[in-house]
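Q: The sequence shown: position 374 = 385 (this note's numbering), numbered continuously. Here's a structure for you.
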Amino acid sequence: MKTAFDFFNNYLSQNIIDSDILERMHDVIAEFSARAPKMIVMKCIDGRVHGSAQKGYPPTSVVYGRTDGNKVSLEKSNFWYWNRIDRVVKDAYFNTPLTPAIFIAYMHHSKMGLGCASHNSNAEEALKSIEQQMKEVRATFTESELFVLGGDTETDAMTDTLIFMDGTRIDSAEIIEYCNLKNPIDVFHQAFTGKKIDDIATCRNIGHKTPKELLSGENPIFFSNLDICLNMQNYLMHTITTCVRKDRSELYRFIRPDILDLIFDKLASVSISENLLGPLVYQIVWNIAFSLNHQKLISNMSEAEKIAQLDHAEELACYGDGFETLPRNKAVLVKTGRGNDVEALQVSKNVLQKNRARYHQDHKLLVHINIEVNGQMTRWDDFNNSVGSRILTMQRNVENVFGEDVAILTSYSYRSQKRFYPLKISRSDSRLVYPVDVVGPINSRTKFSNLALNAEEALYRMGFFKK
Ligand SMILES: [Zn+2]
């Protein structure tokens with residue numbers, strides 16, 4: 012029998028592995044981010060649209076807002092919603108001058124009828140939610156600050172449609188069909204796939220393999236190996252943005268010409284900042300390749316495996332920020348910022364209960380609360396303001412919806428690190444099944460120091476290596 016403790020223990024050990032890769036890949040991600048625009052994405056809490064893998068953006072490079080069905084209160088009093096956008100807009104203003112930040116509000120639908128639960132699979136209603144956001148956000152910021160887009164993910168194939176303010180749509184599925192693409196390798200030009208990568212650093216990092224080698228096999232390491240995937244994201248963002256700025260014809264030696272012609276043809280009618288053109292071409296090209304890989308993986312699966320991929324199969328609810336390293340369809344994600352967290356938690360509970368009818372769990376429903384912090388916490392008050400007190404406020408909302416019948420993991424993580432550090436604020440709460448409390452030994456003004464905290468964090472991480 013698998014207990015909630017076992018679940019969280021496996022879950023945390025996977026998180027240690029993933030966050031270690033991110034740490035090792037820090038320079039690669041920083042290089043990617045230096046060329047990419049700052050991006051904020053608003054999404055549904057559905058686990059099938061989790062993460063930024065289909066957009067080709069590494070974890071930590073996108074800021075997310077997530078609410079059920081992407082419904083939000085657009086009142087200016089909704090502090091969390093507007094503040095999240097302000098954070099990204101100001102990040103762009105000061106750190107990527109002359110390149111506006113990108114805002115995308117995503118809906119999702121499914122050809123198989125497994126659409127957005129929050130909108131009862133009604134795609135028109137889902138579209139209304141994102142259109143309202145696009146309109147209100149467009150009216151609030153200038154075009155030089157923020158480029159506003161809508162998006163629609165088709166969750167069976169994981170193709171994205173980008174929806175521009177003037178109504179222009181660029182649909183990866185349409186390009187796949189028009190260009191008759193079958194495999195991810197079809198997206199690229201043979202002149203690129205057959206040779207070793209021209210950039211020596213990337214070439215080393217991917218073990219001197221050709222793109223063709225990375226893209227071969229049933230589950231190509233181009234996408235399945237996080238190290239290689241991050242390196243290829245960085246390389247392609249670099250190459251595509253440079254070619255678009257320097258000489259567009261050079262791009263035709265990397266990407267298949269008919270695909271590029273279609274994309275440039277569509278983009279020609281849209282008013283778009285010059286510095287965003289390259290990143291958008293990259294994003295569309297990546298999504299086409301990603302979707303082809305996803306479709307190929309699905310086609311090799313058994314019927315049961317297929318359903319687990321295409322329909323809801325989330326195992327837990329995650330409440331807060333910092334869950335980007337989790338795989339797709341692992342968790343229902345609830346973020347603050349809708350104006351009503353309790354309602355979003357209620358939707359997540361319903362999804363989990365429905366999933367448990369198909370995928371049996373021996374233990375209670377699972378909720379993971381995580382607080383993401385930006386910098387170091389030097390004094391106990393820093394810790395209490397940004398983590399301790401917030402955990403309690405969020406735990407109260409979880410209690411409101413789940414009552415006693417739930418197993419909870421509470422943790423914090425650093426924005427650049429994505430490693431969950433478990434802690435217990437209300438120590439006698441039996442719902443907190445995970446026993447580690449990183450802050451426990453130092454949780455008072457007299458004992459707390461940044462050095463002591465970092466030491467406790469290192470001990471926690473080491474504990475997993477010893478196992
Ligand atoms: Zn949804």
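All C-beta atoms, glycine included, are put in the ideal place defined by N, C-alpha and C. What you are looking at is a predicted structure, and each value in this text was computed from that prediction instead of being measured.
Quick check: Tyr263 and Leu271, are their CB atoms within less than 8 Å of each other?
A: yes
Q: By a C-beta neighbour count over all protein chains shown, 10 Å radius and 16 as the cutoff for buried, is Met12 buried or exposed?
A: When all chains shown are included, Met12 counts as exposed.
Q: Here's a check: name, in chain order, each residue in its chain whose Cβ is nearer than 7 Å to the Cβ of Asn366, leaving out the five neighbours to either side.
A: Cβ within range, chain order: His323, Ala324, Glu325.
Q: From the DSSP output, in three-state form, read off Val292 for me.
A: helix
Q: With a threshold of 7 Å, establish whether the CB of Asp57 neighbours any heavy atom of ligand 1.
A: yes
Q: Hey, how far is the Cα of Ala47 from the Cα of Ala137?
A: For the pair Ala47 and Ala137, the Cα-to-Cα distance works out to about 28 Å.
Q: For Ala15, which residues from the same chain have a beta carbon less than 7 Å from its beta carbon, with the 5 sequence-adjacent residues on both sides left out?
A: His374, Lys375, Leu377, Ala418, Val444
Q: Apart from the five residues on each side of it in sequence, which residues of its chain come closer than 6 Å, Cβ to Cβ, to Arg180?
A: Thr172, Ile174
Q: Just list the beta strand (DSSP E) runs in the stretch 151-220, keeping only unbroken ones of 3 residues or longer that don't cross its boundaries, in chain order.
A: 157-165, 170-175, 180-182
Q: Express the C-alpha separation of Lys207 and Asn131 in angstroms, rounding to a whole number.
A: 48 Å
Q: Using a 10 Å radius around the Cβ and a threshold of 16 neighbouring Cβ atoms, would you call Lys146 buried or exposed?
A: exposed
Q: Check whether the Cβ atoms of Tyr303 and Ile187 lie closer than 8 Å to each other.
A: With the sequence shown as reference, residue 303 is identified as Leu, and Tyr is not the correct amino acid for it. Against a cut-off of 8 Å, the Cβ pair of Ile187 and Leu303 comes out as a contact.
Q: Ala418 by DSSP, collapsed to three states: which one?
A: strand
Q: Please classify Ile266 as buried or exposed, where buried requires at least 16 neighbouring CB atoms within 10 angstroms.
A: In the assembly as shown, Ile266 is a buried residue. Its beta-carbon has 16 or more other beta-carbons within 10 Å.
Q: For ligand 1, is there a heavy atom less than 7 Å away from the beta-carbon of His119?
A: Yes, the beta carbon of His119 sits closer than 7 Å to at least one heavy atom of ligand 1.
Q: Could you check if Ser129 belongs to the surroundings of ligand 1, using beta carbon to heavy atom distance under 7 Å?
A: yes
Q: For the alpha helix (DSSP H) containing Asn361, list its first residue and its last residue.
A: 352-369
Q: Please go through the same chain and pick out, in chain order, the residues whose beta-carbon is closer than 6 Å to the beta-carbon of Phe8, but skip the five residues on each side of it.
A: As displayed, the chain neither begins before 12 nor continues past 478, which places residue 8 out of reach and without an answer.
Q: Going by CA-CA distance only, name the one from Phe233, Ile239, Ala202, Asp448 that's closest to Asn216.
A: Ranking the options by Cα distance to Asn216, first place goes to Ile239.
Q: From which residue to which residue does the alpha helix (DSSP H) around Ile232 run?
A: 232-235
Q: Taking the alpha carbon of Ala300 as the reference point, which residue from Gln143, Ala64, Asn396, Met50 has its own alpha carbon closest?
A: Measuring from the Cα of Ala300, the nearest candidate turns out to be Ala64.
Q: Would you mind stating whether Asn245 and Glu42 have Cβ atoms separated by less than 8 Å?
A: yes
Q: Let me know if Met312 comes out buried or exposed under the rule of 16 or more other beta-carbons within 10 Å of its beta-carbon.
A: exposed
Q: Identify whether Tyr263 lies in helix, strand or coil by the three-state DSSP scheme.
A: coil
Q: Out of Tyr75, Leu363, Gly205, Ala116, which has the shortest C-alpha to C-alpha gap to Val159?
A: Per the C-alpha coordinates, the member of Tyr75, Leu363, Gly205, Ala116 positioned closest to Val159 is Ala116.
Q: Between which two residues does the beta strand (DSSP E) containing Met123 stretch?
A: Annotation for Met123: no beta strand (DSSP E) segment contains it, and DSSP assigns it neither H nor E.
Q: Once you ignore the five residues that flank Lys317 on each side, which residues in its own chain have a CB closer than 8 Å to its CB?
A: Ile309
Q: Take the Cβ of Asp371 as the centre, count every other Cβ of all protein chains shown within 10 Å, and call the residue buried at 16 or more, exposed below.
A: Note on identity: in this sequence residue 371 is His, with Asp being the wrong assignment. Burial call: exposed.
Q: Does the Cβ of Phe476 have 16 or more other Cβ atoms within 10 Å, making it buried, or fewer, making it exposed?
A: exposed
Q: Taking Arg426 as the reference, which of Thr213, Asp17, Glu142, Pro69 has the closest Cα?
A: Pro69
Q: Is DSSP giving Met53 helix, strand or coil here?
A: strand
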